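Heads up, the thing below is written out as structure tokens.
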Amino acid sequence: MGKIAVTERVTGHTELIGLIAYPIRHSMSPTMHNEAFKKLGLDYVYVCFEIDNSTLEDTVKGLRAMKVRGWNVSMPNKGPIIQYLDKLTPVSQIVGACNTVVNDNGVLTGTSTDGTGAMEALKAHGVEYVGKKMTVIGAGGAASAIQVQAALDGVRELTIINRKDAFFEQAKSIVGKLRERTECIVNLYDLADTQRLRQELDSSDIYIDATPCGMKPLEGIASIPDKTYLHPGLVVMDTVYAPRRTKLLQWAEEMGCHNFNGLDMMLYQGATAFKLWTGKDMPIDFIRDVLF
Ligand code: NAD
């Protein structure tokens, strides 16, 4: 364990913010948030708690009783936690999960900042998405948060593509809810239908890949068959950021697509939670330098 100078910062006034998940010791969130608190002189400390579903209810009761300002939630608690909260934002209602909780004087609100993180990352890269067509490959936790946020934020048409597994079935329910609650044109297709895949990408402005393809153990693999599925006017965002350049992003570069990895999505999902808890903007450029 490294030397940590906490005594200069943590006092009797310091408030707690946490992350509850299992496993979680590898998380970059404590560094991200603690460095941001320090930089802005905010009297909070961010700590990880290894919690799984078996003690989740007691954990939420405890955090509420201790008047903790808020916390992040990761696997396996993202879905199960919503039954213990008082309110959910529209994105969390539709996704049926949350990654952030805010405690306003004992009232616990769950939200999902992964989708906002992705939309903010698009904005940060100068990509206009309102009124555009977006294709998202993937239907898991990250993908569904992105899809719901995109539809709520004014994307005109959303195509969801996934292989036919359990996630595909879950995506059907999200498609139904988005059709009911938003104006967005939403469709779901099987990734194995390559003709459809090509057609959807050809007519899209933005393609976000939210599968683990490209990261270990799927390094060197992309979810699309080859680079001819991309066209120069297409913006390509890969949610993976380790490695920085996935096969997909190499292909996107070769095809002349504006492309970027998931680093900014990760930073902005944290920044969105940070703002909800503290009311302050996270110093993104400073944190990017600290982390990478
Ligand atoms: P998940 O397990 O919830 O979902 C995985 C999805 O990928 C499913 O739709 C599954 O069907 C699909 N999939 C899995 N293997 C595949 C393959 N070989 N080919 C095609 N599709 C495949 O995972 P998640 O939490 O949603 O994470 C998905 C990706 O998003 C990961 O790469 C993760 O690193 C990334 N992510 C990035 C951020 C960020 O801030 N940048 C945040 C969350 C997740």
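Numbering (the working numbering) for the sequence shown: -4 to 287.
The beta-carbon is built from N, C-alpha and C at its ideal position, and this holds for glycine as well.
Just so we're clear, the structure is a prediction, and the values are computed from it rather than from any experiment.
- CB of glutamine 245 to nearest heavy atom of the ligand NAD: below 7 Å? Incorrect: glutamine 245 has no Cβ contact closer than 7 Å to the ligand NAD.
- Query: Taking only runs of the beta strand (DSSP E) that begin and end inside the region 87 to 121, which ones reach a length of at least 3 residues, in chain order?
  - Reply: Segments of the beta strand (DSSP E) lying fully in the region 87 to 121: 95 to 99, 102 to 106.
- Taking the C-alpha atoms as reference points, what is the distance between threonine 104 and glycine 274? Straight-line Cα distance between these residues: approximately 15 Å.
- For aspartate 200, which residues from the same chain have a beta carbon less than 6 Å from its beta carbon, with the 5 sequence-adjacent residues on both sides left out? Taken in chain order, the residues that qualify are Lys127, Lys128.
- Message: My output table needs one value for valine 125: the three-state DSSP class, helix, strand or coil.
- Response: Here valine 125 carries a coil assignment [DSSP, helix/strand/coil].
- Item | First through last residue of the beta strand (DSSP E) which encompasses glycine 74 | Per DSSP, glycine 74 lies in no beta strand (DSSP E) segment and is marked neither H nor E.
- Would you call the CB atoms of isoleucine 132 and aspartate 204 closer than 8 Å? For isoleucine 132 and aspartate 204, yes; Cβs fall inside 8 Å.
- Message: Taking 7 Å as the cut-off, is the beta-carbon of asparagine 67 closer than that to any non-hydrogen atom of the ligand GDP?
- Response: Ligands displayed in this structure: the ligand NAD; the ligand GDP is not among them.
- Message: Per DSSP, what are the beta-bridge partners of aspartate 233 in this structure?
- Response: The partner list for aspartate 233 (beta bridge, DSSP) reads Asp204.
- Return the residue from the list Ile76, Gly101, Ala247 that minimises the CA-CA distance to glycine 91. Nearest of Ile76, Gly101, Ala247 to glycine 91, Cα basis: Ile76.
- valine 68: which of Trp246, Thr177, Gly13 sits nearest, CA to CA? Of Trp246, Thr177, Gly13, the residue nearest in Cα terms is Gly13.
- Identify whether glutamate 249 lies in helix, strand or coil by the three-state DSSP scheme. Correct three-state label for glutamate 249: helix.
- Query: Buried or exposed: which applies to alanine 60, given that a residue is buried once 16 or more other Cβ atoms fall within 10 Å of its Cβ?
  - Reply: It is exposed - the Cβ of alanine 60 has fewer than 16 other Cβ atoms within 10 Å.
- Message: Rounded to whole angstroms, what is the Cα-Cα separation between alanine 237 and methionine 210?
- Response: Roughly 6 Å separates the two Cα atoms.
- Task: Go ahead and pull the three-state DSSP assignment for glutamate 30.
- Result: Helix.
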